[in-house]
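**Student:** Below you will find the structure I want to go over with you.
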Amino acid sequence: MLLLLFALPLASSSQIVLLLSMDLNSSMQSFHISSNYTKIFMEDNWKYLEDTIVIKNEQNFSIIIGPPFESLCIPLASLATVWNIPLISYSCSDIKLSNKREFPTFVRTRSTILRTTDIVWKMLLKFGWSRVVILAPSCDPFSSTAEVLEEFLTLKSIKVYRSDFFKTTFYEEKKKIEVKRNELLKAKDLARIFIIIADEQGTYSALAESLFIGLYKAEYVFMSIDFDETQLQLNNSFNGFLNIRAKRGSRSDLLKDAISLFERASIEAKNDNLMKYLLNSSYGDGITTDQNGDIVTDRVILNYWNGSWKEVFNQSVDKQEIVRTGPEVIHWPGGLIKPPIGEPDCGWNGEKCTSSTWIVGAVIPAVILLSLLLGFSVYKINRKMKLSAELASTAWKITFGDLDMSKMHSKSNFGSRLSRDFDDSTENVDQTLAKAKQKLKKTPSVVKGFAVSEDLRSTSQKSSAETELRKLNNQPQIFTKIGRYQGNIVAVKMIQKPYIYLTDEIIHELNAVRKLRHSNLNPFIGACIEPNKICVVSQYCNKGSLQDVLENDNIKLDWIFRLSFSHDIAQGMAAIHDSPIKYHGRLKSSNILVDSRWTCHIADFGLRKFREGERLYNFGDPAYYYQLLWTSPEHLREDDANRTGSPKGDVYSFSIILQEIIQRSGPWGNSSEDTAEIVRRVKRSEHPVYRPKVFPNEGEEEICDLMRLCWEEIGAFRPNFITIRDSLTKMNKGR
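Residues are numbered in this note's numbering as their position in the sequence shown, beginning at 1, plus a constant of 118.
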């Protein structure tokens, strides 16, 4: 049991115990405390209450300041009542603690919902909103807070609906997400003002799911009542979000207020009953308590816009009305600067539209609709003609006999990821993979400059974990060969399915991939669809894959080159996401090829329907788990048949590639876990999330921060590739 004590001689009139978390210790350095005190460092665990009881028996302290965690508040307040000593809290928000019959010695500097209900109502009144939906977990302090707010707003003639968004703990993960989204869809038909009463993670979840189903948009308002001391970290997808909180919010400030409240009350009390001077008192500097021992402080409403929070409303202690502050414009979801009306144009039951309004409202849309239908018909005819011409085109089609592979060496090294004849091995797969990772860890430190051996096409001297794994399975990694087509060297990737039925959708897909051109995409030349000879033909890159380059000890790369590789990938992915293909779905370092000019080209994109039904690895094999190391947690939870990918899934895959670039190792290079265990841990969404270990001295701080942002658990909080590309451009000083 971790228990750190810093004991000083205690005066009988001021025997204090401070209950702190380790993160508050540095804040204590800046506080001047005139009284003697004992510090106890706690974790969020009830066993630490036992230590408080032991210290009480040994030193008989007369006041407690703490605890640092909400879960310990009520049990500690009960103990303080039994001991008949004051407990001044800087972290407790549960409204039950305001009950002076049950907790007569409890005082706090952290604000409660009882001080927030009024500002919420005043804001609803100001904008004419009469219906709200409350999203709150069923546990305290969130549930009791929601009940108080619901009761208060109902008395003020506001219609309140409670959503079961958070009541999904008994569902499996995939079902849980589905239920949450359905709850939001039901709620949107009841009200357009959403109030979230949850912790940071719960708020993120509600926002992310609202964004996913298209609910976070104009006409709707989202706000939270803050329960965390730290401000929410959002991205620009959530512009227009509102946050209601006490003006004095950080735990450090609230701890300082608690100490100051005690010392000032002690001076006033002298030898009198201290509680008389802690309740219903004012000592300046914003330290005022009411008859329940609750702090009375200003409330503010903050508005999020483009990366920053701005105060837009304030309700001071001595005024009843909310006062407009901050910038002239309040931003709302969807980029609006005009407040949403909070209901449908004609009201919830059509009561705000007269019969004449209905006639005008029906005729004008009818005329517009007819015009649109006419225009749409012309568009459809033109589009159908274009599609017919496209379907008739077979420019992508290659006859297998036109591919000449007879003069190419059977073991040509297209990177280190081509068909090879590996020896059988009986060694344990995970043991061999662990050995391979140990080899990767021996990669030398970054050397400034850039040097290359004479024959860069030779196999890397240091085998990757992936190559070791392939040796055990005695099978090729991506089944690619080298050939000639129309006089040019090409890469020929065999598709592992015996035949393909050519549908219009597949033809459209083949033409779309063939048309897509970008300097950081590996050009698709064509495909062969003959039975048992199905393959994809693309441009040959003589330096192999990015994975080979990173794992080759003969190649020394400084950070400029590594940033250049990262920037190339971001450029190529931005092009894919902006195309009809929409996303890659199989992004990994072995699918990024390097040409003779050391430019990265993304390969193996698109053709999802063309490759449908292909299976390279057996479920449960180490090779099966290895190819999932780049897959995002949300897609790991999908069935294999439905796992096609998404734009945000690509961003997660990019984060693992960044880890490889930073460490010059394979994926998850510093992990001691086997591949199956890594995949299982990522899939089950641990707290904190399970990700590759990257130490501060292994890479530049900015690129490490970008990597961590890209592997966020919630896809909505990952940046897009335009943002990633721009960030990398700045890191590389515009290059």
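Heads up, the beta-carbon is just placed ideally off N, CA and C, and yes, glycines get one too.
Give the secondary structure of N361 by DSSP, where H, G and I count as helix, E and B as strand, and everything else as coil.
**Tutor:** Residue mapping note: residue 361 aligns to position 243 of the sequence shown, counting from 1. In this structure, N361 counts as strand in the three-state DSSP scheme.
**Student:** Just mark Y619 as buried or exposed, buried being the case when its beta carbon has 16 or more other beta carbons within 10 Å.
**Tutor:** For the purposes of this step, residue 619 is taken as residue 501 along the sequence shown, with counting starting at 1. Burial call: exposed.
**Student:** For V797, tell me which candidate among E752, W201, N629 has the shortest Cα-Cα distance.
**Tutor:** Position 679 of the sequence shown, counted from the start, is the residue given in the question as residue 797. The shortest Cα separation from V797 among E752, W201, N629 belongs to E752.
**Student:** From which residue to which residue does the alpha helix (DSSP H) around R761 run?
**Tutor:** Position 643 of the sequence shown, counted from the start, is the residue given in the question as residue 761. No alpha helix (DSSP H) holds R761; DSSP gives it neither H nor E.
**Student:** Output needed for W786: all residues of its chain with C-beta closer than 7 angstroms, excluding positions within five of it in sequence on either side, in chain order.
**Tutor:** Taking the first residue of the sequence shown as 1, we reach residue 786 at position 668. Taken in chain order, the residues that qualify are L747, I796, P810.
**Student:** Please work out which residues of its chain come closer than 6 angstroms, Cβ to Cβ, to F642, disregarding the five sequence neighbours upstream and downstream, and give them in chain order.
**Tutor:** Position 524 of the sequence shown holds residue 642. Counting only Cβ-Cβ distances below 6 angstroms, and skipping sequence neighbours, we find V631, R632, S656.
**Student:** In whole angstroms, give me the CA-to-CA distance for L253 and P185.
**Tutor:** As a working mapping, residue 253 is identified with position 135 in the sequence shown. As a working mapping, residue 185 is identified with position 67 in the sequence shown. If you take the alpha carbons of L253 and P185, they lie about 27 angstroms apart.
**Student:** Give the secondary structure of A721 by DSSP, where H, G and I count as helix, E and B as strand, and everything else as coil.
**Tutor:** Taking the sequence shown and counting its residues from 1, the one referred to as residue 721 is at position 603. A721: coil per DSSP, three-state reduction.
**Student:** Return yes when the Cβ of I413 is within less than 8 angstroms of the Cβ of T227, no when it is not.
**Tutor:** Looking up residue 227 in the sequence shown gives position 109. Looking up residue 413 in the sequence shown gives position 295. Yes, the pair counts as a contact, with Cβ atoms nearer than the cut-off.
**Student:** Note down, one range per segment and in chain order, each alpha helix (DSSP H) of at least 4 residues found wholly within the segment 149–221.
**Tutor:** Runs found: 165–177, 191–201.
**Student:** My understanding is that E830 touches I780, with C-beta atoms under 8 angstroms, so please give their C-beta distance in whole angstroms.
**Tutor:** Residue mapping note: residue 830 aligns to position 712 of the sequence shown, counting from 1. Residue mapping note: residue 780 aligns to position 662 of the sequence shown, counting from 1. Contact flag wrong, Cβ pair sits at about 17 angstroms.
**Student:** Using a 10 Å radius around the Cβ and a threshold of 16 neighbouring Cβ atoms, would you call C257 buried or exposed?
**Tutor:** Within the sequence shown, residue 257 is the residue found at index 139, counting from 1. C257 is exposed by the Cβ-count criterion.
**Student:** Can you list, in chain order, the residues of its chain whose CB lies under 8 angstroms from that of V608, leaving out five sequence neighbours each side?
**Tutor:** On the sequence shown, residue 608 is found 490 positions in, with the first residue counted as 1. Here the set comprises L521, I600, G601, R602, I643, V655, S656, Q657, Y658.
**Student:** Between M691 and C653, how many whole angstroms is the CB-CB distance? I'm expecting something under 8 angstroms.
**Tutor:** Taking the sequence shown and counting its residues from 1, the one referred to as residue 691 is at position 573. Taking the sequence shown and counting its residues from 1, the one referred to as residue 653 is at position 535. Contact flag wrong, Cβ pair sits at about 25 angstroms.
**Student:** So which of I710, W716, L197 has the shortest CA-CA distance to E168?
**Tutor:** Here residue 168 refers to the residue found at position 50 when the sequence shown is read from its first residue. Looking at the Cα atoms, L197 is the closest of the given residues.
**Student:** Under three-state DSSP, which class holds D258?
**Tutor:** If you number the sequence shown from 1, residue 258 lands on position 140. DSSP places D258 in coil when its eight states are reduced to three.
**Student:** Assuming H695 and F813 are in contact, meaning their beta carbons sit under 8 angstroms apart, how far apart are those beta carbons, in whole angstroms?
**Tutor:** Numbered from its first residue, the sequence shown carries residue 695 at position 577. Numbered from its first residue, the sequence shown carries residue 813 at position 695. That pair is no contact at about 31 angstroms.
**Student:** Please report how far the alpha carbon of F494 lies from the alpha carbon of V251, in whole angstroms.
**Tutor:** Residue mapping note: residue 494 aligns to position 376 of the sequence shown, counting from 1. Residue mapping note: residue 251 aligns to position 133 of the sequence shown, counting from 1. C-alpha separation (whole angstroms): 39 angstroms.
**Student:** Restricting to Cα atoms, I'd like to know which of S771, S370, I516 is closest to D141.
**Tutor:** As a first step, residue 141 must be located in the sequence shown, where it is residue number 23. Closest option to D141, Cα to Cα, is S370.
**Student:** Which residues in the same chain as E301 place their Cβ atom closer than 6 angstroms to its Cβ, once the five residues preceding and following it in sequence are excluded?
**Tutor:** Translated into positions along the sequence shown, residue 301 becomes position 183. Answer for E301: S281, D282, F283, listed in chain order.
**Student:** May I have a chain-ordered list of the beta strand (DSSP E) segments no shorter than 3 residues that lie completely inside the segment 309–345?
**Tutor:** If we require 3 residues or more, the beta strand (DSSP E) runs fully inside the segment 309–345 come out as 311–314, 339–343.
**Student:** So S682 and N432 are in contact, right, with Cβ under 8 angstroms, and what is the actual spacing, rounded?
**Tutor:** What you label residue 682 is simply residue 564 of the sequence shown in a count that begins at 1. What you label residue 432 is simply residue 314 of the sequence shown in a count that begins at 1. Actually they are not in contact, since the Cβ atoms of S682 and N432 sit about 49 angstroms apart, beyond 8 angstroms.
**Student:** Rounded to whole angstroms, how far is the Cβ of S209 from the Cβ of T230, which I believe are closer than 8 angstroms?
**Tutor:** Taking the sequence shown and counting its residues from 1, the one referred to as residue 209 is at position 91. Taking the sequence shown and counting its residues from 1, the one referred to as residue 230 is at position 112. With a Cβ gap of about 12 angstroms, S209 and T230 do not count as contacting.
**Student:** Quick check on K69: buried or exposed, where buried means 16 or more other Cβ atoms within 10 Å of its Cβ?
**Tutor:** There is simply no residue 69 to check, as the chain begins at 119 and stops at 853 in what is shown.
**Student:** How would you label N175, buried or exposed, when you count the other beta carbons within 10 angstroms and need 16 or more for buried?
**Tutor:** Here the question's residue 175 lines up with position 57 in the sequence shown. With fewer than 16 other Cβ atoms within 10 Å, it is exposed.
**Student:** Would you identify the three-state DSSP class for T263, choosing helix, strand or coil?
**Tutor:** Taking the sequence shown and counting its residues from 1, one reaches residue 263 at position 145. Helix at T263.
**Student:** Go ahead and pull the three-state DSSP assignment for C822.
**Tutor:** Reading the sequence shown from its first residue, position 704 is the one you call residue 822. It is helical.
**Student:** Do F179 and T199 count as a contact pair if the criterion is CB distance below 8 angstroms?
**Tutor:** As a position in the sequence shown, residue 199 is number 81, starting the count at 1. As a position in the sequence shown, residue 179 is number 61, starting the count at 1. Result no, Cβ atoms of T199 and F179 do not sit closer than 8 angstroms.
**Student:** Can you check DSSP and say which residues form a bridge with R226?
**Tutor:** Start at 1 with the first residue of the sequence shown, and residue 226 comes out as number 108. Answer is S207.
**Student:** In whole angstroms, what separates the C-alpha of K335 from that of N354?
**Tutor:** The residue given as residue 335 occupies position 217 in the sequence shown. The residue given as residue 354 occupies position 236 in the sequence shown. Roughly 12 angstroms separates the two Cα atoms.
**Student:** Name, in chain order, the residues that DSSP records as bridge partners for W427.
**Tutor:** In the sequence shown, the residue the question calls residue 427 occupies position 309. BP columns for W427 point to Y422.
**Student:** Residues bridged to G601 by DSSP?
**Tutor:** On the sequence shown, residue 601 is found 483 positions in, with the first residue counted as 1. In the DSSP output, where bridge partners are listed per residue, G601 has V608.
**Student:** List the whole-angstrom C-beta distance separating F245 from G453, where the pair is believed to meet the contact cut-off of C-beta under 8 angstroms.
**Tutor:** Within the sequence shown, numbered from 1, the residue matching residue 245 stands at position 127. Within the sequence shown, numbered from 1, the residue matching residue 453 stands at position 335. In fact, because the Cβ distance is near 18 angstroms, the residues do not count as touching under 8 angstroms.
**Student:** Using the Cα positions of K848 and Q689, report the straight-line distance between them to the nearest angstrom.
**Tutor:** Here residue 848 refers to the residue found at position 730 when the sequence shown is read from its first residue. Here residue 689 refers to the residue found at position 571 when the sequence shown is read from its first residue. Going from the Cα of K848 to the Cα of Q689 covers about 14 angstroms.
**Student:** Give me the Cα-Cα distance between N660 and R635, rounded to the nearest whole angstrom.
**Tutor:** For the purposes of this step, residue 660 is taken as the residue at position 542 of the sequence shown. For the purposes of this step, residue 635 is taken as the residue at position 517 of the sequence shown. Cα-Cα distance, rounded: 20 angstroms.
**Student:** So which of P698, F380, I624, F159 has the shortest CA-CA distance to I405?
**Tutor:** In the sequence shown, residue 405 corresponds to position 287, counting from 1. Nearest of P698, F380, I624, F159 to I405, Cα basis: F380.
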